[in-house]
Amino acid sequence: MHVLHVTDTHLFAQRTGRLLGLVTYDSLTAVLAAAAAEPPDMVLATGDLAQDGTAQAYEHLTEAFSGFAAACPFPPPVYWLPGNHDEPAVMRATLTRAPLRPETEVILGGWYVILLDSTVSGEVGGVLSEGELARLDAGLHAHADCPALVCLHHNPVATSARWMDDIGLANAPAFFAILDRHPQVRGVLWGHVHQAIDLERQGVRLMASPSTCIQFKPETVEFGLDPSAPGYRRLWLHPDGRLETQVFRISSFAGCADPDATGY
1 MHVLHVTDTH LFAQRTGRLL GLVTYDSLTA VLAAAAAEPP DMVLATGDLA
51 QDGTAQAYEH LTEAFSGFAA ACPFPPPVYW LPGNHDEPAV MRATLTRAPL
101 RPETEVILGG WYVILLDSTV SGEVGGVLSE GELARLDAGL HAHADCPALV
151 CLHHNPVATS ARWMDDIGLA NAPAFFAILD RHPQVRGVLW GHVHQAIDLE
201 RQGVRLMASP STCIQFKPET VEFGLDPSAP GYRRLWLHPD GRLETQVFRI
251 SSFAGCADPD ATGY
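Next comes the structure, spelled out in structure tokens:
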């Protein structure tokens with residue numbers, strides 16, 4: 001199964017909305033145009049899909065993904081979860097048309113994929129509620145015979161951008177305690193950090209992907225922007241549980257972010 005991971009699209013009510021100088025709708029559509037060259041079986045969109053949480057921003061998201069689906073011979077479903085900039089209630093009310101899908105868990109290609117909500121209203125950092133932790137544990141228990149991919153928005157591990165550590169997943173130990181009970185888990189996938197990460201913990205692949213818009217500078221203590229181009233990740237999930245992955249950048253994109261920005 002071929003999976004496309006896109007994250008942190010940060011769309012606005014206006015298509016021309018800019019995040020630190022970059023038009024996020026344009027960068028998203030450029031990413032999707034590049035990704036359509038090798039159509040996936042499914043798409044995972046892991047939060048901060050809107051910057052302002054408006055219904056109009058999510059309509060633009062649907063429009064962008066509809067164009068992407070139309071460019072694919074077999075339109076892939078798009079499964080999504082919220083990030084700290086999103087408004088989950090607005091998302092549920094707005095992201096109702098194909099190819100967007102409302103399911104928070106799916107079995108496809110012999111894999112069990114679960115999407116978790118790590119957002120806390122009014123907070124930048126994340127927590128998995130007791131209900132979400134219980135849902136994760138129950139889902140993995142019910143599908144113990146399937147290799148599993150677990151998705152969320154907030155980073156469950158520290159990054160080299162140290163300022164992100166205080167706004168990651170606050171209860172990561174509880175999250176990993178559940179994963180440790182289920183050896184069929186093969187990967188964890190998240191957004192939030194606007195950079196590519198690929199680690200391994202006890203045989204589980206831990207992966208973050210570039211944003212489709214601005215990129216955060218790695219190896220830093222304070223906020224900073226990285227000049228790397230917008231990007232996306234592809235994953236190939238094999239029936240025997242093997243996971244292969246690669247990050248791609250759209251170097252031809254003409255937009256650029258403000259290199260002197262000190263926050264957003």
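Numbering (the UniProt record's numbering), first residue to last: 1 to 264. Don't be surprised by glycine CBs; every beta carbon is placed ideally from N, CA and C.
Original post:
If you compare alpha carbons, which of Gly47, Ala69 and Gly67 is closest to Thr104?
Top reply: Gly47
**OP:** Please work out which residues of its chain come closer than 6 angstroms, Cβ to Cβ, to His182, disregarding the five sequence neighbours upstream and downstream, and give them in chain order.
**Re:** Leu140
Subject >> Test item: CB-CB of Gly109 and Leu237 under 8 angstroms >> reply: yes
Original post:
In the DSSP assignment, what residue or residues form a beta bridge with Tyr79?
Top reply: Leu44 and Arg101
**OP:** Just mark Ala134 as buried or exposed, buried being the case when its beta carbon has 16 or more other beta carbons within 10 Å.
**Re:** exposed
Original post:
Can you pull the DSSP bridge partners for Val23?
Top reply: Arg18
Subject >> For Val43, the nearest candidate out of Ala229, Thr24 and Val106 (CA to CA) >> reply: Val106
Original post:
Among the residues of its own chain, which have a CB less than 6 angstroms from the CB of Met164, if the five just before and after it don't count?
Top reply: Val193
Original post:
Quick one: Cα of Leu95 to Cα of Leu22, how far?
Top reply: 24 angstroms
Original post:
What are the partner residues of residue 266, as DSSP defines its beta bridges?
Top reply: Residue coverage of the chain in this structure runs from 1 to 264, which leaves residue 266 outside it and unanswerable.
Original post:
Secondary structure at Ala208, three-state DSSP: helix, strand or coil?
Top reply: strand
Original post:
By Cβ distance below 6 angstroms, which residues in the same chain neighbour His143 in space, the five residues on each side in sequence not counted?
Top reply: Tyr112
**OP:** Keeping to the same chain, check which residues put their C-beta closer than 6 angstroms to that of His85; ignore five residues upstream and five downstream.
**Re:** Asp48 and Gln51
**OP:** Decide yes or no for the touch test of the segment 116-123 against the segment 75-85: beta carbon pairs closer than 8 angstroms, at least 3 of them.
**Re:** yes
Original post:
Should Val221 go down as buried or exposed, given a rule of 16 or more other Cβ atoms within 10 Å for buried?
Top reply: exposed
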